[in-house]
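> Got a structure here, written out as structure tokens. Questions coming.
Chains as they are written, first to last, in the working numbering: chain S, 4 to 539; chain R, 11 to 83.
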């Protein structure tokens, strides 16, 4: 008796049990969902220089890593009870990987009804929906590839009633902002809900010429205000990125957009319960750039290239500047120091001598909050004469927006390092210090500080004395020179009012040493940051 | 050849004009120096070109985004 019972033979195929029709239907449904809005709609979309949602996801994530969820979400058409065709839901999403780490990714399919919202029993994404639940439940980053105009008034017709705002609300989108990195790319015309969704992100990007973003598009603007305006004039990158800072960055092509998203995510932890990934590139910690000694001109009125300082100090090729075209008085960059992710806030002496204006303050506020949220230590490269002055600055609420950035800095608990390159004055200078932490302030020999710069201060404080002098101009200069002599940074260092003055070449090794040492503290203080109080 | 309008990044005044009409400027060279917030801010030709037009004179006030010169690339 050598025969094996077929039921116990693992290599034997079971008897056919008749599921072939269902499996065939499944194959047909998958095939139709991959076809999106059909060949004609896809060709029209391509002709506008835009990729389909499936091409976008393919271009963004690690090759072959996209595991779609909800491939059967669609409107089926039936003839005599048998499926004859389907219209897929205009949203494609699922689980994927970027640089080997899982992410939740989704986006509207413009080739089906222009990507307008679609309601099944459960939403796939857009505002809330499965893709946001996935990011929240699994604590993984969310990437939204936005290309839709949101709701359509035609839904009233379909439902027989109008929907109250927030039925498909932003509550999950808001929750995610304190939990996982959220990146939004605007890849078409985003108005209404999708435009709002783009703003609820840690970082956003759009494509020059093919994407626009606004609360409402040209037809609504014309009816409401009588303004005739094109969608590019209303919400193209010139307005949304450079002027308003509504979106953080602009790129020339969708491919560049995907590369930049991958780069940004490379600096981010998966969530606020973890630290960002370390990545050493062999750049020696003790690399001391000679150029740092001479970059600051002796003439205090001459500016210099702060971006070069940032590049010289950080790990080679590790700097990613955020919002480069907006709020140019402040330069904000993600970078690495000995492989560890840091945020660098640097004042730009080329723009208003580095004075903080409304836009610069807004940019700094967002960046400091971002770093604090994801446990990214902050380096301040300080050359700030103060808040911007003048009628225009006051009318724009520079003081309020500036104090908001100071408030956010003083509430942050992530380790911060203050490096005074040249000027560090007043309230803006205070916002560049680590008052809740070690408060380590190092300075270059070119540093100077005080409650306000000597030039402006002398004229006010010694007004009578200057006016009474036979040569008021000469007297003012004399007083300035005398005060400047006592304002030497060495005098403050003697009193331990600043912890160290260093040869500028040593900036990199000095900072790397302390950032490495802060890792235990960082690793033991992960988790969401509690928010309390009211921002000014 | 493309004409490029050069704008001021700051509000301030024109302190010193350094280049003259017809002059060839290398990338990074400055056309003029503005004074703003007690700082000397150079107006730099990023990609180089020939100075064709000066829209401002020394001593005049300029606003952020104002065209101060035109260069031919």
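Heads up, the beta-carbon is just placed ideally off N, CA and C, and yes, glycines get one too.
Please classify residue 165 of chain S as buried or exposed, where buried requires at least 16 other C-beta atoms within 10 Å of its C-beta.
exposed
> State the beta-bridge partners of residue 336 of chain S as determined by DSSP.
S/324 and S/347
> Between the region 444-460 of chain S and the region 491-500 of chain S, can you find at least three pairs of beta-carbon atoms closer than 8 Å?
yes
> Where do the ends of the alpha helix (DSSP H) carrying residue 203 of chain S lie?
Counting along the chain, residue 203 of chain S falls outside any alpha helix (DSSP H), and DSSP gives it neither H nor E.
> Could you tell me the boundaries of the beta strand (DSSP E) in which residue 493 of chain S lies?
The continuous stretches of beta strand (DSSP E) do not include residue 493 of chain S, which lies in the alpha helix (DSSP H) extending over residues 492-497.
> Shortest alpha-carbon distance to residue 93 of chain S belongs to which of S/250, S/37, S/29 and S/336?
Closest by alpha carbon: S/37.
> If we require 4 or more residues per run, which alpha helix (DSSP H) segments fall completely within the region 150-197 of chain S?
157-162 and 174-179
> Just to confirm, is the Cβ distance from residue 81 of chain R to residue 61 of chain R under 8 Å?
Yes; because the gap between Cβ atoms is below 8 Å, this pair is in contact.
> Could you tell me the alpha carbon to alpha carbon distance between residue 269 of chain S and residue 62 of chain S, rounded to whole angstroms?
If you take the alpha carbons of residue 269 of chain S and residue 62 of chain S, they lie about 16 Å apart.
> Using only the alpha-carbon positions, how far apart do residue 530 of chain S and residue 272 of chain S sit?
11 Å
> Under a Cβ-count criterion, where at least 16 other Cβ atoms within 10 Å of its own Cβ denotes burial, should residue 274 of chain S be classed as buried or exposed?
buried
> Could you list the residues in the region 457-473 of chain S with a C-beta less than 7 Å from some C-beta on chain R, going in chain order?
Within the region 457-473 of chain S, the residues whose Cβ lies closer than 7 Å to some Cβ of chain R are 458, listed in chain order.
> May I ask you to report which of helix, strand or coil DSSP gives residue 4 of chain S?
Residue placement at residue 4 of chain S is flagged as unreliable, the pLDDT there being 49, under the threshold of 50; the coordinate-derived value follows with that caveat. Residue 4 of chain S: coil per DSSP, three-state reduction.
> Using a Cβ-Cβ cut-off of less than 7 Å, list which residues of the region 26-56 of chain R approach chain S; keep chain order.
46, 47, 48, 49, 50 and 51
> If you follow the alpha helix (DSSP H) that residue 31 of chain S is part of, which residue opens it and which one closes it?
23-37
> Just the C-alpha distance for residue 58 of chain R and residue 32 of chain R, rounded to the nearest angstrom, thanks.
Residue 58 of chain R and residue 32 of chain R: Cα-Cα distance of roughly 13 Å.
> Taking 8 Å as the CB-CB limit, is residue 19 of chain R close to chain S?
yes
> Along chain C, in chain order, which residues have C-beta atoms closer than 7 Å to that of residue 354 of chain S?
In the structure shown, chain C does not exist; the protein chains are S and R.
> At least one CB of chain R closer than 8 Å to the CB of residue 331 of chain S: is that the case?
yes
> Starting from residue 108 of chain S, follow the beta strand (DSSP E) in both directions and report where the run begins and ends.
104-111
> Alpha carbon to alpha carbon, how far is residue 79 of chain S from residue 18 of chain S? Give it in angstroms, no decimals.
32 Å
> Within the region 224-253 of chain S, note down every full alpha helix (DSSP H) run reaching 4 residues or more, in order along the chain.
234-238
> In this structure, does DSSP put residue 217 of chain S in helix, strand or coil?
Strand at residue 217 of chain S.
> Taking 8 Å as the threshold (C-beta atoms), are residue 134 of chain S and residue 107 of chain S in contact?
yes
> Go ahead and pull the three-state DSSP assignment for residue 441 of chain S.
coil
> Take residue 142 of chain S as the anchor and find which of S/519, S/34, S/278 and S/122 has the nearest alpha-carbon.
The shortest Cα separation from residue 142 of chain S among S/519, S/34, S/278 and S/122 belongs to S/278.
> Between residue 115 of chain S and the rest of its own chain, which residues show a CB-CB distance below 6 Å, the 5 nearest in sequence each way excluded?
40 and 93
> List the residues of chain R that residue 305 of chain S touches, going by C-beta distances under 8 Å, in chain order.
By Cβ distance, chain R contributes 49 and 50.
> May I ask you to report which of helix, strand or coil DSSP gives residue 476 of chain S?
helix
> Looking at chain R, which residues of the region 350-375 of chain S have a Cβ within less than 9 Å of any of its Cβ atoms?
352, 353, 354, 355, 356, 357 and 358
> State yes or no: is the beta carbon of residue 388 of chain S nearer than 8 Å to at least one beta carbon in chain R?
Chain R, which has a Cβ nearer than 8 Å to the Cβ of residue 388 of chain S, makes this yes.
> Quick check: residue 380 of chain S and residue 345 of chain S, are their CB atoms within less than 8 Å of each other?
yes
> Bridge partners for residue 428 of chain S per DSSP, in chain order?
S/453
> At the level of alpha carbons, what is the spacing between residue 77 of chain R and residue 131 of chain S?
46 Å
> Along the chain, which unbroken stretches of the beta strand (DSSP E) at least 3 residues long are found entirely within the region 58-118 of chain S?
Those beta strand (DSSP E) runs which fall completely within the region 58-118 of chain S and span 3+ residues are 77-82, 85-91, 94-101 and 104-111.
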